[in-house]
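Trainee: Just passing along the structure, written as structure tokens.
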Amino acid sequence: MPENPLGGFGVTFKAMFKKRLTEQYPEYKKPTAPRFHGRHQLNRHPDGLEKCIGCELCAWACPADAIYVEGADNTEEERYSPGERYGRVYQINYLRCILCGLCVEACPTRALTMTNEYELADSSRASLIYTKEELLAGLDEGMVDSPHAIFPGMTEKDYYSGLVTEAAPGTVQQEPHSKNKLNEPPQPAETTFGPDEPAAAEAVREK
Ligand code: SF4
Ligand code: SF4
């Protein structure tokens, strides 16, 4: 029998007056640290053209093989980025991604960055493979949605030097060819990743 049977309650009483650590999620969402690694975003130039050049460096850098990219050539009738190439298909599989940020480090154009969004849970495999449509940043003031012509008189280098600050007056969106429409990818996202799926096998062979 202990000398003071009430002594053990001391721990309980001390805990009663401590600050509570319980988070009232999802009613209250605690803001993240500014550099928190959340969902990715594909960025645009200030006139709305895309920064991604379809180089696949992010996919090569990814330790979880969570990124799938297909690049394609721009044309004057259908231009998505200022240079020669753009990312026609871009997918991130959030069932694999560990949010390490190595893909962001590898990107040469700052096309790929991470947001603070962390609510990525879902109930189906397909919905956790985010497509280019879902990852592409929205349009800010002064932007025109891609595809559209390059700012007259500017070069690709000028874009990266910050000389283009908004879309040129009169810029209009070009009509995408059916094969390049974002809503008509060459294969649906849910068939891109996975050992038994032809698109994934193709991508591995090409590497
Ligand atoms: S954050 Fe890491 S795991 Fe996720 S896609 Fe980028 S490199 Fe791959
Ligand atoms: S996001 Fe960056 S690294 Fe990845 S394909 Fe596009 S330009 Fe290349």
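Residues in the sequence shown are numbered from 1 upward in steps of one, following full-length UniProt numbering. C-beta atoms are modelled at their ideal positions from N, C-alpha and C, and glycine is treated no differently.
Is the Cβ-Cβ distance between Thr131 and Gln91 less than 8 angstroms?
Mentor: Yes, Cβ-Cβ distance for Thr131 and Gln91 is below 8 angstroms.
Trainee: Less than 7 angstroms separating the Cβ of Leu49 from some heavy atom of ligand 1?
Mentor: Checking the Cβ of Leu49 against ligand 1 gives no.
Trainee: Give the straight-line distance between the Cα atoms of Asn183 and Pro176, rounded to the nearest whole angstrom.
Mentor: Its pLDDT being 44, under 50, Asn183 is placed unreliably by the model, and the measurement read from it follows with that caveat. So the two alpha carbons sit approximately 11 angstroms from each other.
Trainee: Can you tell me where the beta strand (DSSP E) holding Leu42 begins and where it ends?
Mentor: Looking at the DSSP string, the run of the beta strand (DSSP E) that includes Leu42 is 40-42.
Trainee: Examine ligand 1 and report whether any of its heavy atoms sits within less than 7 angstroms of the Cβ of Leu57.
Mentor: Every heavy atom of ligand 1 is 7 angstroms or more from the Cβ of Leu57, so no.
Trainee: Kindly say whether Asn93, judged by its beta-carbon, lies nearer than 8 angstroms to any beta-carbon of chain D.
Mentor: Absent from the structure is chain D; it holds one protein chain and no more.
Trainee: For Phe151, is the classification buried or exposed, using 16 other Cβ atoms within 10 angstroms of its Cβ as the cut-off for buried?
Mentor: Buried: at least 16 other Cβ atoms inside 10 Å.
Trainee: Across which residues does DSSP place Asn93 in a beta bridge pair?
Mentor: DSSP output for Asn93 lists Ile129 as bridge partner(s).
Trainee: Answer yes or no: do Tyr159 and Pro82 have a C-beta to C-beta separation smaller than 8 angstroms?
Mentor: Yes, Cβ-Cβ distance for Tyr159 and Pro82 is below 8 angstroms.
Trainee: Let me know if Asp140 comes out buried or exposed under the rule of 16 or more other beta-carbons within 10 Å of its beta-carbon.
Mentor: That one is exposed.
Trainee: Within this structure, are the beta carbons of Pro46 and Met143 separated by less than 8 angstroms?
Mentor: Yes.
Trainee: Pop quiz: Ala111 and Cys52 are said to be a contact at Cβ under 8 angstroms. What is the actual Cβ separation, rounded to whole angstroms?
Mentor: The Cβ separation is near 4 angstroms, so the contact holds.
Trainee: Taking 7 angstroms as the cut-off, is the C-beta of Ala61 nearer than that to any heavy atom in ligand 1?
Mentor: Within the cutoff, so yes.
Trainee: Are three or more beta carbon pairs between the stretch 99-115 and the stretch 5-22 nearer than 8 angstroms?
Mentor: Contact between the stretch 99-115 and the stretch 5-22 is absent, because fewer than three Cβ pairs lie under 8 angstroms.
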